[in-house]
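Engineer: Numbers in our numbering are just positions in the sequence shown, counted from 1, shifted up by 29.
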Amino acid sequence: MEKIMVISMIIIITMGFTFNIYAEDNSAIMKEISIELVMNYDLEDDKREELQNNLKKFIDSGIDGKTLLETLKEEDFDVFEDILNKIEQLLDDNYSSDHINELLANGKIIETNFNSIENVESTNEKPSKEREIIFYDDFSDSTSGWENRDGNRFGLNYIDGEYEVKHKQFSSGRVSLPIRLERGLNHYSITVDAKLYSGSGSYGITINLINSDKNRADFIIINESNNKSFWLIINREVVKKINISNYVEKNKYNQLKLVQNNNKSKFYIDGDLIIEYDIPKMNKNSKVGLFTCTSNKKEKPTVRFDNYKLTNLDPSNIKDNKNSELSSDKYNTRQLRVNADYRVDLTNMRPATGEMYWVPSNKLGMPNTTIEELKELKGKPKKLQEEIDVLYEALAYIQVSEMESGSGNIAIYDDNKNRRWQFPAPAEFAIKENRANCVGITNVVNNLLKDDYEEIGGAWYHRSFIIGNRKGGHVVNYIKHNNKYYIFDALGYIHERDTYSSPENGETYHKGHKHGCIHEIVNNSNGEPKFKPYVESWRFYNENMAFMVLVPMDRFPIMGSSTASHNHDTDIFISDRSNLDKIMKIYDNPEDPQVLIEEEVSVDPPQEYEDYMPYNSM
30 MEKIMVISMI IIITMGFTFN IYAEDNSAIM KEISIELVMN YDLEDDKREE LQNNLKKFID
90 SGIDGKTLLE TLKEEDFDVF EDILNKIEQL LDDNYSSDHI NELLANGKII ETNFNSIENV
150 ESTNEKPSKE REIIFYDDFS DSTSGWENRD GNRFGLNYID GEYEVKHKQF SSGRVSLPIR
210 LERGLNHYSI TVDAKLYSGS GSYGITINLI NSDKNRADFI IINESNNKSF WLIINREVVK
270 KINISNYVEK NKYNQLKLVQ NNNKSKFYID GDLIIEYDIP KMNKNSKVGL FTCTSNKKEK
330 PTVRFDNYKL TNLDPSNIKD NKNSELSSDK YNTRQLRVNA DYRVDLTNMR PATGEMYWVP
390 SNKLGMPNTT IEELKELKGK PKKLQEEIDV LYEALAYIQV SEMESGSGNI AIYDDNKNRR
450 WQFPAPAEFA IKENRANCVG ITNVVNNLLK DDYEEIGGAW YHRSFIIGNR KGGHVVNYIK
510 HNNKYYIFDA LGYIHERDTY SSPENGETYH KGHKHGCIHE IVNNSNGEPK FKPYVESWRF
570 YNENMAFMVL VPMDRFPIMG SSTASHNHDT DIFISDRSNL DKIMKIYDNP EDPQVLIEEE
630 VSVDPPQEYE DYMPYNSM
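This is the structure:
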């Protein structure tokens, strides 16, 4: 009798305790669990309260409370705590509640060998049939692909195993993930740890991003002493503001999580659901990444991020292995190798010019458009530009379209000024005609990759009119990516020329086969590019080079020269549309007196090109 009375008192006391904590929660299962915690385990009040809060969170996430209750009754505390820790791990890693409930019901949740993120990265094992980690970065490797530069508006840098965005002016910034979302990936999650390190400002996740001028959806935390709120911004307009002062604190990490299913989104902070919403328009082939913004002109923010993870949540769209190689028969061409992996030091290659590296084109991003898909877009400039996002795809298109070599420069004389102007073929014209020369193919590549990299343009050299007998010049492509320059001759991918270019094997770089190879320019200790090795490699075979410049334009400008005889009085001209101040001279022959002169073009463009940019505005 006494035992029954004691138990009754315990139940009454426990139920009172439960009602106090969970007055807002009427779940009978939580009441039963609270009683069982008192009955089964001798725990301190704060430990019991912690368990109750965790159990409520799990049940709210869809975990079966009845199964948890039965497990609680049957297991020792240590085992039960291990089970709860396992559930928390699986929920954090985006396993479905249905899957977890099945494991619980069958008593297999502990014995199942699930890998943590770190184990997945090191073992290349796929953790589950229900999700796939597409990208994970703890920012311990400063070459993992995020933008790394020190600009006037903000600095982007890897610091102490974190990724830092430091604002220097009143501005906003978007840092896109090094990879694009794979086509057809409509159900995924993004998690990242984020904190306001110093200053005052905003930070969060950005999705649905094409470039800074197109539709996007940003998820921002405003972290200030007087305004701790969550802002949902869609296409530059604030849709929702929510107070989150109980979460954020300066220089303290919060985990941000976005779950995206087609256009339906859920956003979490530290595991708590903050908002659900629909995005009116989802951009195809968009980017995801990080967002930061200044809030006032006095206090510039420095924001740090860690543990960025992109996870595929669609079981029907999971590859056999997270780090598996892409199918070579779907992506490879005669030269391109989608799974190529090398970085060849060219210092001692012929000619020995100094430190410079040969890297595969996938160094600038992996493709997600197959060669068959590219073939279907042959001759369609607009669709190609929408579809092609990385250098690999642009070079693959040149090859699979079997583009031919042909001069696209049209010369027009200005007799009044004694000028001979050359109008390069516009990218769209070259694509439709499926032929190009060096400047035409430079325009094609730059047009296809417009807005996809930090900077794109052409490296142009001209031979001297007074040194040696060879005249003329040549244009190749360059791309600035992650604060490094990559230079390559895209003409080497033209159909009848590709046999003279090396395949991406990391072995056959030599005279006659280096054309088309991607040259990675090394930065010095000040972060400045050292172009001398590349210039010297060209001068080895073009000894009378007069100059070499980088022209940062997606369409190469009109070029011209004096029509006088080729002597020391001959000048080289460039259209005033080029903005000479932005052109970087990386070589100037001291023996040659030629200078590059910026001048207005006073003749009409050729009829063939007058409907294309930039000629249609002349």
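Think of the CB as a built atom: it goes at the ideal place given N, C-alpha and C, for glycine as much as any other residue.
The beta strand (DSSP E) spanning leucine 393 covers which residue range?
Structural biologist: In the sequence shown, counting from the first residue as 1, residue 393 sits at position 364. Run containing leucine 393: none; DSSP gives neither H nor E here.
Engineer: Does DSSP classify asparagine 21 as helix, strand or coil?
Structural biologist: No information on residue 21 is available, as it lies outside the stretch 30 to 647 that the chain covers here.
Engineer: Out of curiosity, what's the CA-to-CA distance linking phenylalanine 334 and asparagine 283?
Structural biologist: If you number the sequence shown from 1, residue 334 lands on position 305. If you number the sequence shown from 1, residue 283 lands on position 254. The straight-line gap from Cα to Cα measures roughly 10 Å.
Engineer: Would you list, in sequence order, the uninterrupted beta strand (DSSP E) runs of no fewer than 3 residues that lie entirely inside the region 487-569?
Structural biologist: Runs found: 502-510, 513-517, 547-549.
Engineer: Could you have a look at aspartate 242 and say whether DSSP puts it in helix, strand or coil?
Structural biologist: Here the question's residue 242 lines up with position 213 in the sequence shown. Note that aspartate 242 has pLDDT 45, beneath the 50 cutoff, so the model's placement of it is unreliable and no number is given.
Engineer: Would you mind working out which of Asn377, Ser554, Pro581, Lys543 sits nearest tryptophan 567, comparing C-alpha positions?
Structural biologist: To locate residue 567, count along the sequence shown from 1; it is residue 538. The residue with the shortest Cα to Cα distance from tryptophan 567 is Lys543.
Engineer: Measuring alpha carbon to alpha carbon, tell me which residue in Phe168, Ser171, Arg448 is nearest serine 604.
Structural biologist: As a position in the sequence shown, residue 604 is number 575, starting the count at 1. For serine 604, the nearest C-alpha among the options comes from Arg448.
Engineer: In three-state DSSP terms, what is asparagine 377?
Structural biologist: Residue 377 sits at position 348 when you count from the first residue of the sequence shown. Asparagine 377: coil per DSSP, three-state reduction.
Engineer: Is the region 544-559 touching the region 501-517, taking contact as three or more C-beta pairs under 8 Å?
Structural biologist: Touching, per the Cβ criterion.
Engineer: What are the start and end residues of the alpha helix (DSSP H) that includes tyrosine 421?
Structural biologist: Numbered from its first residue, the sequence shown carries residue 421 at position 392. Where tyrosine 421 is concerned, the enclosing alpha helix (DSSP H) stretches over 420-429.
Engineer: Any idea what DSSP makes of valine 473, helix, strand or coil?
Structural biologist: Counted from its first residue, the sequence shown places residue 473 at position 444. Three-state DSSP puts valine 473 in a helix.
Engineer: Nearest to glutamate 462 by alpha carbon, out of Asn215, Ser591, Gly435?
Structural biologist: Position 433 of the sequence shown holds residue 462. Per the Cα distances, Gly435.
Engineer: Is DSSP giving isoleucine 62 helix, strand or coil here?
Structural biologist: Here residue 62 is taken as the residue at index 33 of the sequence shown, counted from 1. Three-state DSSP puts isoleucine 62 in a helix.
Engineer: Return the CA-CA distance between valine 630 and lysine 392, expressed in angstroms with no decimal places.
Structural biologist: Walking along the sequence shown from the start, residue 630 turns up at place 601. Walking along the sequence shown from the start, residue 392 turns up at place 363. If you take the alpha carbons of valine 630 and lysine 392, they lie about 39 Å apart.
Engineer: Output the distance between the C-alpha atoms of asparagine 130 and leucine 80, rounded to the nearest integer angstrom.
Structural biologist: Stepping through the sequence shown from its first residue, residue 130 is reached at position 101. Stepping through the sequence shown from its first residue, residue 80 is reached at position 51. Approximately 19 Å, taken between the alpha carbons.
Engineer: What separation, rounded to the nearest whole angstrom, lies between the Cα atoms of methionine 647 and isoleucine 626?
Structural biologist: Position 618 of the sequence shown, counted from the first residue, corresponds to residue 647. Position 597 of the sequence shown, counted from the first residue, corresponds to residue 626. Rounded to the nearest angstrom, the two C-alpha atoms are 20 Å apart.
Engineer: Tell me the DSSP secondary structure of serine 227 in three-state form.
Structural biologist: The count along the sequence shown starts at 1 and reaches residue 227 at position 198. Here serine 227 sits in strand by DSSP.
Engineer: Using a Cβ-Cβ cutoff of less than 8 Å, which residues in the same chain neighbour asparagine 280 once the five nearest sequence positions on both sides are dropped?
Structural biologist: As a working note, residue 280 is residue 251 in the sequence shown. The answer, listed in chain order, is Lys224, Leu225, Tyr226, Ser227.
Engineer: On the criterion of 16 or more Cβ atoms from any shown chain inside 10 Å, does valine 108 qualify as buried, or is it exposed?
Structural biologist: Taking the sequence shown and counting its residues from 1, the one referred to as residue 108 is at position 79. Exposed is the call here.
Engineer: Tell me, which residues are paired with threonine 220 by DSSP?
Structural biologist: Within the sequence shown, residue 220 is the residue found at index 191, counting from 1. Answer is Lys286, Lys338, bridged to threonine 220.
Engineer: Grouping DSSP H, G and I as helix and E and B as strand, with all else coil, what is serine 169?
Structural biologist: Numbered from 1 along the sequence shown, position 140 holds the residue referred to as residue 169. Of the three classes helix, strand and coil, the one that applies to serine 169 here is coil, per DSSP.
Engineer: Are the beta-carbon atoms belonging to glutamine 289 and tyrosine 217 less than 8 Å from one another?
Structural biologist: Within the sequence shown, residue 289 is the residue found at index 260, counting from 1. Within the sequence shown, residue 217 is the residue found at index 188, counting from 1. Closer than 8 Å, so yes.
Engineer: Can you confirm whether the region 418-428 touches the region 386-406 when touching is taken to mean that 3 or more C-beta pairs between the two stretches lie within less than 8 Å?
Structural biologist: Yes, since at least three Cβ pairs between the region 386-406 and the region 418-428 fall closer than 8 Å, the two stretches touch.
Engineer: Would a check of beta-carbon distances place leucine 206 closer than 8 Å to chain C?
Structural biologist: Any reference to chain C falls outside this structure, which holds one protein chain only.
Engineer: For lysine 412, name the three-state secondary structure that DSSP assigns.
Structural biologist: The residue labelled residue 412 in the question sits at position 383 within the sequence shown. Lysine 412 falls in the helix class under three-state DSSP.
Engineer: Between alanine 575 and arginine 492, how many whole angstroms is the CB-CB distance? I'm expecting something under 8 Å.
Structural biologist: Numbered from its first residue, the sequence shown carries residue 575 at position 546. Numbered from its first residue, the sequence shown carries residue 492 at position 463. Going by Cβ atoms, the distance from alanine 575 to arginine 492 rounds to 6 Å, so yes, they are a contact pair.
Engineer: Can you grab the Cα-Cα spacing for the pair alanine 425 / leucine 413, in whole Å?
Structural biologist: As a first step, residue 425 must be located in the sequence shown, where it is residue number 396. As a first step, residue 413 must be located in the sequence shown, where it is residue number 384. In a straight line, the C-alpha of alanine 425 is about 12 Å away from that of leucine 413.
Engineer: Considering alanine 459, what are the terminal residues of the alpha helix (DSSP H) in which it resides?
Structural biologist: Translated into positions along the sequence shown, residue 459 becomes position 430. Residues 456-462.
Engineer: Smallest Cα separation from asparagine 445: which of Ser591, Lys479, Asp374?
Structural biologist: Counting from 1 along the sequence shown, the entry for residue 445 is found at position 416. Asparagine 445 has its Cα closest to that of Ser591, out of Ser591, Lys479, Asp374.
Engineer: Hey, leucine 206 and phenylalanine 164 are a contact pair by Cβ (cut 8 Å); roughly how many whole angstroms apart?
Structural biologist: For this step, residue 206 is matched to residue 177 along the sequence shown. For this step, residue 164 is matched to residue 135 along the sequence shown. Indeed, because the Cβ distance is near 7 Å, the residues count as touching under 8 Å.
Engineer: Exposed or buried, threonine 376, counting other C-beta atoms within 10 Å across all chains shown (16 or more means buried)?
Structural biologist: In the sequence shown, residue 376 corresponds to position 347, counting from 1. Burial call: exposed.
Engineer: Kindly list the residues whose CB is nearer than 7 Å to the CB of arginine 606, restricted to its own chain and excluding five residues on each side of it in sequence; keep chain order.
Structural biologist: If you number the sequence shown from 1, residue 606 lands on position 577. Contacts found: Pro586, Pro643.
Engineer: Out of Asn555, Leu406, Ser294, state which residue places its alpha-carbon closest to the alpha-carbon of asparagine 512.
Structural biologist: Position 483 of the sequence shown, counting from 1, holds the residue named residue 512. When each option's Cα is compared against that of asparagine 512, the closest is Asn555.
Engineer: With contact counted as at least three CB pairs below 8 Å, one residue from each stretch, are the region 527-538 and the region 356-375 in contact?
Structural biologist: As far as the Cβ criterion goes, the region 527-538 touches the region 356-375, which means the pair count is three or higher.
Engineer: Classify glutamine 636 as buried or exposed, calling it buried when 16 or more other Cβ atoms lie within 10 Å of its own Cβ.
Structural biologist: Working through the sequence shown from its first residue, we reach residue 636 at position 607. With fewer than 16 Cβ atoms within 10 Å of its Cβ, glutamine 636 is classed as exposed.
Engineer: Let me know if valine 267 comes out buried or exposed under the rule of 16 or more other beta-carbons within 10 Å of its beta-carbon.
Structural biologist: Here residue 267 is taken as the residue at index 238 of the sequence shown, counted from 1. With fewer than 16 other Cβ atoms within 10 Å, it is exposed.
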